[in-house]
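Following numbering that gives the first Met the number 0, the numbering of the sequence shown begins with 0 at its first residue and continues without gaps. Step one of this worksheet: look at the structure below.
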Amino acid sequence: MAVTARNNKNIDALETEHRRISFGSLSAVDDVVRNLLLRPNDISKCQVNPLTHFGKQIQLGKMLLLILVPITALAILVVLDLNSIAYNNSVDIEIRNVISFSRNIGLLLSRLQRERDMTALYVSVIAPNSKAFLTETYPLTDRALDELQEWPVETSILNELPFFREKNDFKENLEQHRQRLHHSNTTVYREIDFYTDMLQIFIDWLYESVGNSQGHGSWQILVAYQLLIVSNVDTGIERTLGAIFYTLGGFERHKDYVWYMEKYNVGSWNFAASKRYTPLIQQFYEKQVSISNHLE
0 MAVTARNNKN IDALETEHRR ISFGSLSAVD DVVRNLLLRP NDISKCQVNP LTHFGKQIQL
60 GKMLLLILVP ITALAILVVL DLNSIAYNNS VDIEIRNVIS FSRNIGLLLS RLQRERDMTA
120 LYVSVIAPNS KAFLTETYPL TDRALDELQE WPVETSILNE LPFFREKNDF KENLEQHRQR
180 LHHSNTTVYR EIDFYTDMLQ IFIDWLYESV GNSQGHGSWQ ILVAYQLLIV SNVDTGIERT
240 LGAIFYTLGG FERHKDYVWY MEKYNVGSWN FAASKRYTPL IQQFYEKQVS ISNHLE
């Protein structure tokens, strides 16, 4: 009994010593790990002890950076896409404005030419007794003027043509000219000069509108339309001078013949040039010729 009690006491003492040594080893390990963690890092400034307050801030910053980098990249891509869309929209608006203005100028030029031709016929020696054929052109010209929203007049022409200052001034001057028109107070040449001076101003506006716009993918069509309108104006003067020739049996002045040939050649060249910029001009021309042939 005494031996057994002694053995049990020895076993308890050994277990106690083993537990003491184990706990001491764990404490030693914890001290080593803690010393390693507390040791300053010489490799990177951002790799610090994550157990410290500063280290926790660094780790949080790293996590936020991983989140913010793709978000920032996506935001940049969105901004670039929005800028591209806004730019394309501005270009589309610019092109639409140029096309609209060019179309309105072209219509006005056509109406003014028609009015000029009928005016020249009215004051000629073979004029009909009625003035109705002339007055029928007035409302068409007035409507074309009303549709023209922009009035980009330059101050350089106001000294010579002060009635171009505002659109209402132009309309008032044109209306006064119509009311004063009579065989006894004008000539065919004076009427041609009156309308041709106005037409030239509108042609200059057409040139500036197409020239100032970048045009982008539609520049060829815009230039073709511009050349077509100008060729129509040249052909209109040629037509009016031709009417004078057949009315009088010839030109009274040699310079009228030179003027006629100049407009004939320039008009033909502008029309041919417009067809080189786009095939739409030739297609439209052939369609109109076909319609005219069927009407005959």
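Where a beta carbon is used, it is the ideal one built from N, C-alpha and C, also for glycine. This structure is a prediction, so every number in the text was calculated from the model and none was measured.
Leaving out the 5 sequence neighbours to the left and right, which residues in its chain are closer than 7 Å to residue i when beta-carbon positions are compared?
i: threonine 239; result: Arg115, Asp116, Ala119 and Ile191
i: phenylalanine 132; result: Met117
i: phenylalanine 22; result: Note that phenylalanine 22 has pLDDT 42, beneath the 50 cutoff, so the model's placement of it is unreliable and the number below is only indicative. Same-chain partners within the cutoff: there are none.
i: glutamine 219; result: Tyr276 and Thr277
i: isoleucine 20; result: With a pLDDT of 45 at isoleucine 20, under the threshold of 50, the modelled position of that residue is not reliable, and no figure is offered here.
Suppose contacts are defined by Cβ-Cβ distances below 8 Å. Is residue i in contact with residue j by that definition?
i: leucine 371; j: phenylalanine 270; result: Past the edges of the chain, shown from 0 to 295, lies residue 371, and the structure says nothing about it.
i: leucine 160; j: aspartate 196; result: yes
i: phenylalanine 201; j: leucine 279; result: no
i: isoleucine 243; j: valine 288; result: no
i: lysine 254; j: isoleucine 236; result: no
i: glutamate 165; j: tryptophan 150; result: yes
With a CB to CB cut of under 6 Å and the five nearest residues on each side skipped, what residues in its chain are close to residue i?
i: valine 209; result: Leu221 and Gln225
i: histidine 182; result: Val122
i: asparagine 172; result: Phe162
To the nearest angstrom, how far is it from the Cα of residue i to the Cα of residue j?
i: threonine 277; j: glutamate 93; result: 21 Å
i: arginine 142; j: arginine 110; result: 9 Å
i: arginine 275; j: isoleucine 98; result: 19 Å
i: phenylalanine 169; j: valine 152; result: 11 Å
i: glutamine 281; j: valine 68; result: 57 Å
i: aspartate 145; j: isoleucine 75; result: 46 Å
i: asparagine 231; j: glycine 105; result: 9 Å
i: leucine 180; j: arginine 189; result: 11 Å
i: serine 291; j: threonine 136; result: 22 Å
i: proline 298; j: arginine 177; result: Since the first and last residues shown for the chain are 0 and 295, residue 298 lies out of range.
i: serine 155; j: threonine 185; result: 28 Å
i: asparagine 100; j: leucine 65; result: Note that residue 100 is phenylalanine in the sequence shown here, rather than asparagine. Taking the straight line joining both Cα atoms gives about 53 Å.
i: tyrosine 284; j: methionine 260; result: 23 Å
i: isoleucine 70; j: valine 229; result: 55 Å
i: glutamate 286; j: threonine 140; result: Here residue 286 turns out to be lysine, not glutamate, going by the sequence shown. Roughly 26 Å separates the two Cα atoms.
i: glycine 249; j: asparagine 158; result: 36 Å
i: arginine 252; j: leucine 205; result: 32 Å
i: serine 129; j: tyrosine 245; result: 21 Å
i: asparagine 167; j: threonine 134; result: 20 Å
Under 8 Å by Cβ, that's how I've got residue i and residue j pegged, so tell me the actual separation to the nearest angstrom.
i: aspartate 233; j: valine 265; result: 5 Å
i: glutamine 112; j: leucine 198; result: 7 Å
i: alanine 223; j: serine 273; result: 5 Å
i: asparagine 96; j: leucine 147; result: Actually they do not touch by this definition, with Cβ atoms about 13 Å apart.
Grab me the residues of residue i's own chain with a C-beta within less than 8 Å of its C-beta, minus the 5 sequence neighbours each way, in chain order.
i: serine 217; result: Ile94 and Ile98
i: tyrosine 194; result: Leu111, Gln112, Glu114, Arg115 and Thr118
i: glutamate 207; result: Pro151
i: leucine 25; result: Reliability fails at leucine 25, whose pLDDT of 43 lies under 50, so the model's placement of it is uncertain and no value is given.
i: glycine 241; result: Tyr259
i: methionine 62; result: none
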